[in-house]
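The structure appears below as structure tokens.
Numbering (mature numbering (1 follows the signal peptide of the UniProt record, and there is no 0)), first residue to last: -23 to -1, 1 to 60.
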């Protein structure tokens, strides 16, 4: 029974490991970074995103920002109080 459990654990690790290994750090907007007058929809369509990827927002502080918002706050254009 213990060897069967070990095989199950090893199978789960074997399935999960490739997705962790494929995780990448993706700079939003590429060389342009996070800025205005940039077509992020087209940029995103050209990318393949995987589970575990990290999105990096490179921007000039004071000119731009990144705020984590709920869908309701985004749709209502409400800035969360902690930001």
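Cβ atoms here follow ideal geometry from the backbone N, Cα and C, with glycine treated the same way. Values in this document were obtained by computation on a predicted structure and should not be read as measured data.
Taking C-beta atoms as the reference points, residue 20 and residue 35 fail to come closer than 8 Å. Note: residue 2 is bridge-paired with 31 in the DSSP secondary-structure output. With a beta-carbon spacing of about 5 Å, residue 27 and residue -2 fall inside the 8 Å limit used to define contacts. A Cβ-Cβ distance of about 24 Å is found for the pair residue 50 and residue 30, leaving them out of contact under the 8 Å criterion. Note on geometry: alpha-carbon atoms of residue 38 and residue 44 lie some 13 Å from one another.
Per DSSP, residue 16 lies in no alpha helix (DSSP H) and is assigned neither H nor E. Looking at the DSSP output, residue 41 shares a beta bridge with 38.
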